[in-house]
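J.:
Number of protein chains: 6
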Amino acid sequence: MKVTVSRKAHFNAAHRLYRNDWDFEKNEAIFGKCNNPHFHGHNYELIVSVTGNIDPETGYVIDMKVLKNIIKNEVEDAFDHKNLNIEVIEFKTLNPTAENIAVVIYNKIKPLLDNSLDLEITLYETPRNFVSYSGK
Amino acid sequence: MKVTVSRKAHFNAAHRLYRNDWDFEKNEAIFGKCNNPHFHGHNYELIVSVTGNIDPETGYVIDMKVLKNIIKNEVEDAFDHKNLNIEVIEFKTLNPTAENIAVVIYNKIKPLLDNSLDLEITLYETPRNFVSYSGK
Amino acid sequence: MKVTVSRKAHFNAAHRLYRNDWDFEKNEAIFGKCNNPHFHGHNYELIVSVTGNIDPETGYVIDMKVLKNIIKNEVEDAFDHKNLNIEVIEFKTLNPTAENIAVVIYNKIKPLLDNSLDLEITLYETPRNFVSYSGK
Amino acid sequence: MKVTVSRKAHFNAAHRLYRNDWDFEKNEAIFGKCNNPHFHGHNYELIVSVTGNIDPETGYVIDMKVLKNIIKNEVEDAFDHKNLNIEVIEFKTLNPTAENIAVVIYNKIKPLLDNSLDLEITLYETPRNFVSYSGK
Amino acid sequence: MKVTVSRKAHFNAAHRLYRNDWDFEKNEAIFGKCNNPHFHGHNYELIVSVTGNIDPETGYVIDMKVLKNIIKNEVEDAFDHKNLNIEVIEFKTLNPTAENIAVVIYNKIKPLLDNSLDLEITLYETPRNFVSYSGK
Amino acid sequence: MKVTVSRKAHFNAAHRLYRNDWDFEKNEAIFGKCNNPHFHGHNYELIVSVTGNIDPETGYVIDMKVLKNIIKNEVEDAFDHKNLNIEVIEFKTLNPTAENIAVVIYNKIKPLLDNSLDLEITLYETPRNFVSYSGK
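Structure follows, in structure tokens:
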């Protein structure tokens, strides 16, 4: 009896999409306005979804208080009110696209969960654009 | 050609998370504020999703009016403005966590659907916490 | 140059609408399902709006961190995961309708704000029903 | 490393549910208010979800600007502010139920995507009713 | 102690914006896509807001069950799944813009309320466009 | 017969809250995380509300296509995907708090509207924090 439990969270950050090994024209052609060298930013809305069996004793798949703390430590404290390119080590050499941010968040949270649990990360970069990743 | 059709509904209810066979301290340690003996409550938002083939005659997977009535009879009339622990028979001996409520709703609706249809229940306990269950 | 700044917050609670000095039939006639003696509950979504001049030094009407703390102390800590009728002193003798809850919240927050600031409370009892009160 | 990227869009349209080869009574019995011969209408909200590998050069599954243009050309320009039954060729002989509209949108967009990409269409007919189709 | 209570409702309808006494070119120039002679449509989301004193006996400004019935009788039954231009008498000679629809709804509901109550109508034509009218 | 018509729009931007004439410690004390010298960012959601009489010929207070273009020219093209502090001239010497951004937007749009029309700007900095300004 597998149930998925999901928790929403959010963080605000600045970022820029570009590659150091491309010249400005190529970055502009591929990343357009997202290549602004002065950065732009987003309110990222995050959904962390954990799938597993219901513990028959508690009726929980995972204690939401535990999951909330993991999200706070791994995502909010690390990314909130930060410049992702400059201040978040994972994006020193990785373009902070929504896709890559979702993968990074997945890789930070997955090892902290019991092995029997599946994880999916959904990340809204804007209310109109979002991505999801489940480690497959 | 499998399509999933979803219908939203809602109900308001009081509940308390605890186990009779645990003492107050253990209930407090596990369920925290949710163990309040005077109860607290939620606006539960429900999404009922039914997957099946499109009927080539009508263009429907299932008539939404039929699905709406099933939800009204099985969920809204049974749970709305109720105390789940005291007034809903399924939770006399089952902790009314969001996970367990989703499973109970699934088990009430599934037998009323044509055998060829799959069912998924998504239940928002708050706008920030939700669960889903599809009978697997 | 008056600007209104608003902050959202939320709390979950159980309640019941009834009057001690009416018999059950009259309570049932007036309050319907909300008169359930076993209580029901809601996710209350709250918007606290403060109107005043922009401080030319900071660009703030009020520091959101200050406002967030006031809401936490006066509303969330007092109401969240509580039974409003039994556990919140203001509703011992006052029916916890959305209207009355909004007035109580207004009366708790207003004295903590600078005298030059106006206050409006908007309270969603459900996503479909809400009230607002601005002390007039 | 499969990631799903989703883009929201919308269009407003009139439609009517009925079959030419049924008499009015049968159409009324099956389609109810949706059989109004003078039409009614909706704000359709659309989510187009594309699943594939992250391009290690760009960090994109698909360039959102490309996806946005496909949606504009295939869906918005074709359906927005239109009468689906009368003005959209796919619904001359196909009932414009939400299910069928989702399949039509899928069939228009899928051939324009790289073969390695999976596609899912989610279509909200109202904020309370929605369907999804992924070509299976 | 004036409190405003609000109730959400919705209806789906087809409409067309044009004037009989203008030729097609002038209608096209002013109303653009909204002049489509085959109609288009919307999910109209409605907020009905009533302002008045709290009744000290009940704690209500107005009984929501009463307000809900007024909205059902005056708006939902009259407009839902209808073609506004053809089937709703108020729009036989009045262009069904969001502005005019809001005024019509106001004029239908206001006489049914106690004289001491103020009324405001907010009408979303789409999630991005909305109007409000309070009889001033 | 005054009606208010509102249009939603959005832009993404980076910003930093601080004053040049304060040292880092004072900026940190007042602006906290918002003083990050590497910037952070937001998805700003904007509501532009215009109040006036309904034109009896068209049924419009203002043509939404006209209002949409004003918002595009004055706000989206000027602020979207920009660093507000560095790239938007109005914030060279003005702290880009939500309050100040709302006033700047008001001052850009008001002169472009007919004198008889009132204007209100509502700006969501996050889904939880928003401000409004109507020139009073």
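Residue numbers (our numbering), protein chains in the order written: chain A, 1 to 136; chain B, 1001 to 1136; chain C, 2001 to 2136; chain D, 3001 to 3136; chain E, 4001 to 4136; chain F, 5001 to 5136.
Quick reminder that beta carbons are idealized off the backbone N, C-alpha and C, glycines included.
Please read all numbers here as calculations on a predicted model, not as lab measurements.
Identify every residue that forms a DSSP beta bridge with residue 4057 of chain E.
T.: Beta-bridge pairing links residue 4057 of chain E to no other residue.
J.: With a CB to CB cut of under 7 Å and the five nearest residues on each side skipped, what residues in its chain are close to residue 91 of chain A?
T.: If we look at residue 91 of chain A and ignore the five residues flanking it on each side, its Cβ neighbours are 84 and 85.
J.: Helix, strand or coil: which one does DSSP assign to residue 3041 of chain D?
T.: Here residue 3041 of chain D sits in strand by DSSP.
J.: Any heavy atom of the ligand GTP within a distance shorter than 8 Å of the CB on residue 5047 of chain F?
T.: This structure does not include the ligand GTP; it has no bound ligands of any sort.
J.: Let me make sure I understand the geometry here. Which of C:2105, C:2131 and C:2050 has the alpha-carbon closest to that of residue 2113 of chain C?
T.: Looking at the Cα atoms, C:2050 is the closest of the given residues.
J.: Between the C-alpha atoms of residue 89 of chain A and residue 3057 of chain D, what's the straight-line distance to the nearest angstrom?
T.: Approximately 19 Å between the Cα atoms of the pair.
J.: Please list the partners that residue 1108 of chain B has in chain A, where partner means a Cβ-to-Cβ separation under 8 Å.
T.: Near residue 1108 of chain B there are no residues of chain A at all, since even the closest Cβ is about 15 Å away, more than 8 Å.
J.: Residue 26 of chain A CB to nearest chain B CB: under 9 Å?
T.: Closer than 9 Å: no.
J.: CB residue 4132 of chain E to CB residue 4118 of chain E, shorter than 9 Å?
T.: In this structure, residue 4118 of chain E does not lie closer than 9 Å to residue 4132 of chain E by Cβ.
J.: Between the alpha carbons of residue 82 of chain A and residue 75 of chain A, how many angstroms are there, rounded?
T.: Distance between the alpha carbons of residue 82 of chain A and residue 75 of chain A: 11 Å.
J.: Could you tell me if residue 1 of chain A is buried or exposed, where buried requires 16 or more neighbouring beta carbons within 10 angstroms of its beta carbon?
T.: Classification for residue 1 of chain A: exposed.
J.: Tell me the DSSP bridge mates of residue 5049 of chain F?
T.: Answer by DSSP bridge pairing, in chain order: F:5006 and F:5120.
J.: Does chain B have any CB closer than 9 Å to the CB of residue 3078 of chain D?
T.: Output row for residue 3078 of chain D: interface = no.
J.: From what residue to what residue does the beta strand (DSSP E) around residue 4131 of chain E run?
T.: Taken as a continuous stretch (DSSP letters only), the beta strand (DSSP E) holding residue 4131 of chain E covers 4129 to 4133.
J.: So which of F:5060, F:5096, F:5094 and F:5048 has the shortest CA-CA distance to residue 5110 of chain F?
T.: Among F:5060, F:5096, F:5094 and F:5048, the Cα nearest to that of residue 5110 of chain F is on F:5048.
J.: Assign residue 136 of chain A to one of three DSSP states: helix, strand, or coil.
T.: In this structure, residue 136 of chain A counts as coil in the three-state DSSP scheme.
J.: In chain C, which residues lie with their C-beta within 8 Å of the C-beta of residue 5129 of chain F?
T.: Correct list: 2005, 2006, 2007, 2008 and 2064.
J.: At a CB distance below 9 Å, what residues from the stretch 83 to 105 of chain A approach chain F? Give them in sequence order.
T.: Correct list: 83, 85, 86 and 87.
J.: Could you tell me which residues DSSP pairs with residue 4126 of chain E in its beta bridges?
T.: The partner list for residue 4126 of chain E (beta bridge, DSSP) reads E:4129.
J.: Considering residue 87 of chain A, what are the terminal residues of the alpha helix (DSSP H) in which it resides?
T.: Run containing residue 87 of chain A: 84 to 87, per the alpha helix (DSSP H) assignment.
J.: Taking only beta-carbon atoms, is residue 4059 of chain E less than 9 Å away from chain C?
T.: Residue 4059 of chain E counts as touching chain C.
J.: Looking only at its chain, what residues have a beta carbon closer than 6 Å to the beta carbon of residue 3028 of chain D, apart from the 5 residues adjacent to it on each side?
T.: Closer than 6 Å at Cβ, skipping near neighbours: 3035.
J.: Let me see if you follow: with CB-CB separation under 9 Å, is residue 1029 of chain B close to chain I or not?
T.: In the structure shown, chain I does not exist; the protein chains are A, B, C, D, E and F.
J.: Return the residue from the list E:4032, E:4121, E:4018 and E:4052 that minimises the CA-CA distance to residue 5066 of chain F.
T.: It is E:4032.
J.: Please determine if the stretch 4121 to 4128 of chain E and the stretch 5013 to 5026 of chain F are in contact, where contact requires at least 3 C-beta pairs separated by less than 8 Å.
T.: Touching, no, given that fewer than three Cβ pairs across the two stretches are closer than 8 Å.
J.: Going by alpha carbons, who is nearest to residue 5080 of chain F out of F:5053, F:5041 and F:5108?
T.: Minimum Cα distance to residue 5080 of chain F is reached at F:5041.
J.: Of all the options A:70, A:116, A:37 and A:39, which has the alpha carbon lying nearest to the alpha carbon of residue 105 of chain A?
T.: The shortest C-alpha separation from residue 105 of chain A is found at A:70.
J.: Along the chain, where does the alpha helix (DSSP H) containing residue 3075 of chain D start, and where does it finish?
T.: Element bounds for residue 3075 of chain D: n/a, residue is neither H nor E.
J.: Name the two residues that bound the continuous alpha helix (DSSP H) containing residue 110 of chain A.
T.: Segment: none, residue 110 of chain A is in no alpha helix (DSSP H) and carries neither H nor E.
J.: Find the nearest neighbour of residue 137 of chain A within the set A:101, A:62 and A:25, judged by alpha-carbon distance.
T.: Outside the displayed range of chain A (1 to 136) lies residue 137 of chain A, so it cannot be described from this structure.
J.: On the DSSP letters alone, give me the boundaries of the alpha helix (DSSP H) that residue 1024 of chain B sits inside.
T.: Here the alpha helix (DSSP H) through residue 1024 of chain B covers 1024 to 1031.
J.: Any beta-carbon of chain C closer than 9 Å to the one on residue 5016 of chain F?
T.: No, no contact with chain C.
J.: Since residue 4064 of chain E and residue 2129 of chain C are thought to touch, with beta carbons under 8 Å apart, how far apart are those beta carbons, to the nearest angstrom?
T.: With 8 Å as the limit, residue 4064 of chain E and residue 2129 of chain C qualify as a contact, their Cβ atoms being about 6 Å apart.
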